[in-house]
Structures are given as structure tokens and as C-alpha cells.
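Visitor: The structure's right below; bear with me while I get my questions together.
Residue numbers (this note's numbering): 147 to 337.
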């Protein structure tokens, strides 16, 4: 996946992206300051690494996923793609009380997970399917939004959707919020 074109996209993202300084949205500032930029070591990281053994080494995106899910406190978690064993362990550890919803269940979700790596051509379709589970405080996490041209095109369409109020592009993850009463904004954050 990591080729020259992808590396150039990543470098361009880092140049365009901002840090928490200059953010005027209190919601996004808190998210960036207390969750995204919380690089403090946590015992739970070692526990998860022990559970994964030699299968997967936790990286900073995995640790961020843990912090984001933990911060969301989801009661209902909806996944449209099958999470990798590492992603599933991370989400279950971060939200042990969460109920994992199936596509046929009409229950609103607090957190929606989509991994664009598995079926990049279906990202927009997955997003549309998930809209039936969206409520005012839903957080949608999309992994690999810059995987290829298809996922980037779908990411642009997601950001333009009228139901979406806030997006945060971290390059490796895209965060989508549907907050009522929030001014519509798109953020490119350096991570």
C-alpha cells in the first residue's frame, strides 16, 4: 500500500494540516487536545499488546483508535466491515459494555466503524447504509480514507453530505460527526 504516490499524499497532508493551535471550534479543540494528542503511555496498551502477542504490533493509529472509542463511550457500536482482529480487540477493550449491532438492526449507533481497506470501492455505499443508524451524537470512524482514488472521492462526497456537520481528516483515519447545532466545518489535523 505504501508507494511513492501515497507517500507524496501523506507529505502534502502534513504540510496542509494544522495542529490544535488555531482551532476555533471548542468541540474539535477538546478532541484534538485531550484525545488525539494524548500520547501518554497507558497500561491498557501493554495489555492489548500481550493479547495480540506476535500477531500484530500496536502502532500509534491503533492507540488513537482506542482513545477515540473510549472517548465516545458508545453504548451501541455498528460496523459495516469486518474489523481486523486487532481493531476488534481495541474497540472491545475501549468500550467493553457496547452492544455490537448488525446491519438489520434499526437501533441508532453511538459509534460507526468502517474500514475502507477491505472494499475501497464500497466506501460510499457503506456510508449511505450507515445513515439509518445515525443520531445527533454519532461518531463515525473511517479507516484508510486516503487508500486510493476511490476512497478519496468517497471521502469528499461524505464531507459534502448535508447530514454531516464536522469532519476531521487525520490521514490514516477520518472522523465524521453529525452534531445538531454545530457549525459545519472540515478539519485537516496533523497526527
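Quick reminder that beta carbons are idealized off the backbone N, C-alpha and C, glycines included.
(1) Taking the alpha-carbon of residue 313 as reference, which of 324, 191, 332, 260 has the nearest alpha-carbon?
(2) If you count every other CB in all the chains shown that lies within 10 Å of the CB of residue 293, and 16 or more means buried, which is it?
(3) Between residue 259 and residue 287, which are expected to be in contact by the criterion C-beta below 8 Å, what is the C-beta distance as a whole number of angstroms?
(4) What number of angstroms, rounded off, separates the C-alpha of residue 220 from the C-alpha of residue 335?
(5) Which residues does DSSP pair with residue 257 in a beta bridge?
(6) Assuming residue 330 and residue 282 form a contact by the criterion Cβ under 8 Å, report the distance between their Cβ atoms to the nearest whole angstrom.
(7) Using the Cα positions of residue 193 and residue 240, report the straight-line distance between them to the nearest angstrom.
(8) Just to confirm, is the Cβ distance from residue 319 to residue 207 under 8 Å?
(9) Pop quiz: residue 213 and residue 184 are said to be a contact at Cβ under 8 Å. What is the actual Cβ separation, rounded to whole angstroms?
(10) Any heavy atom of the ligand SAH within a distance shorter than 7 Å of the CB on residue 276?
(11) Buried or exposed for residue 290, going by 16 or more other Cβ atoms inside 10 Å?
(12) Helix, strand or coil, according to DSSP, for residue 331 in the structure here?
(13) What did DSSP end up calling residue 315 once you bin it into helix, strand or coil?
(14) Could you say if the region 148-159 and the region 302-313 meet the contact criterion of at least three C-beta pairs nearer than 8 Å?
Guide: Answer, in terms of the structure:
(1) In the chain shown, the residue the question calls residue 313 occupies position 167. The residue with the shortest Cα to Cα distance from residue 313 is 332.
(2) The residue given as residue 293 occupies position 147 in the chain shown. With 16 or more other Cβ atoms within 10 Å, it is buried.
(3) In the chain shown, counting from the first residue as 1, residue 259 sits at position 113. In the chain shown, counting from the first residue as 1, residue 287 sits at position 141. Confirmed, about 5 Å.
(4) Here residue 220 is taken as the residue at index 74 of the chain shown, counted from 1. Here residue 335 is taken as the residue at index 189 of the chain shown, counted from 1. The straight-line gap from Cα to Cα measures roughly 23 Å.
(5) Looking up residue 257 in the chain shown gives position 111. DSSP output for residue 257 lists 223, 285 as bridge partner(s).
(6) Position 184 of the chain shown, counted from the start, is the residue given in the question as residue 330. Position 136 of the chain shown, counted from the start, is the residue given in the question as residue 282. Contact flag wrong, Cβ pair sits at about 14 Å.
(7) If you number the chain shown from 1, residue 193 lands on position 47. If you number the chain shown from 1, residue 240 lands on position 94. Approximately 12 Å, taken between the alpha carbons.
(8) Within the chain shown, residue 319 is the residue found at index 173, counting from 1. Within the chain shown, residue 207 is the residue found at index 61, counting from 1. Against a cut-off of 8 Å, the Cβ pair of residue 207 and residue 319 comes out as a contact.
(9) As a first step, residue 213 must be located in the chain shown, where it is residue number 67. As a first step, residue 184 must be located in the chain shown, where it is residue number 38. At roughly 6 Å, the Cβ-Cβ gap stays under 8 Å, so residue 213 and residue 184 are in contact.
(10) Of the ligands one can find in the structure shown there are none, so the ligand SAH has no counterpart to examine.
(11) Residue numbering aside, residue 290 sits at position 144 when the chain shown is read from its first letter. Looking at its Cβ environment, which holds 16 or more other Cβ atoms inside 10 Å, residue 290 is buried.
(12) Taking the chain shown and counting its residues from 1, the one referred to as residue 331 is at position 185. Correct three-state label for residue 331: strand.
(13) Numbered from its first residue, the chain shown carries residue 315 at position 169. Of the three classes helix, strand and coil, the one that applies to residue 315 here is strand, per DSSP.
(14) no
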